[in-house]
Amino acid sequence: MKYVVLIHSNPQPWGHPTIDFTEVGRAIPADERAAMGKEFDELLAELSASGELVSGLALDAPSTSRVYRWEGKKPVSTDGPYAESKEQLAGFFVLNCATQARAEELAAKFAGPGDVVELRPEMEF
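So for the sequence shown, the UniProt record's numbering puts the first residue at 1; every next one is plus one.
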């Protein structure tokens, strides 16, 4: 079975690794943050070597997303970032598109009655 680990955070400003951009993360001394980063890198290496790590993506800021809702008989898109809080993430698809317009075209096709689809670019480092 595959699992998606969703990291929820509120870094200000948005950035990765989130520990470097959150108030609580910045309160940790730099040498401790570096040690934590090294431990995390070792975990990722271990999971990669065992085949348990399939893929991982850092998402760009929520303000870059588009939200798609089914209204009437068609999907309607709005600027993100938020779906209503009663709505929970039900799935995760990764699209590889040449342009944002193509990604938006495809994302709209995932929206159906009762669904909310959010499109967010991968954060580039």
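All C-beta atoms in this analysis are idealised placements derived from N, C-alpha and C, irrespective of residue type, glycine included. On a predicted model such as this, the values are computed, not experimentally measured, just so you know.
Check, Outcome
"Could you check the C-alpha separation between R33 and E118 for me, to the nearest Å?", "32 angstroms"
"State the start and end residues of the unbroken alpha helix (DSSP H) segment that holds R69.", "Counting along the chain, R69 falls outside any alpha helix (DSSP H), though it belongs to the beta strand (DSSP E) covering R66 to E71."
"Can you tell me the Cα-Cα spacing of F21 and I28, whole angstroms?", "11 angstroms"
"Taking all protein chains shown into account, do 16 or more other C-beta atoms lie within 10 angstroms of the C-beta of V67, making it buried, or fewer, making it exposed?", "buried"
"How big is the Cα-Cα spacing for A58 and A108?", "22 angstroms"
"Bridge partners of E122, per DSSP?", "L59"
"On the DSSP bridge list, what partners appear for T78?", "V67"
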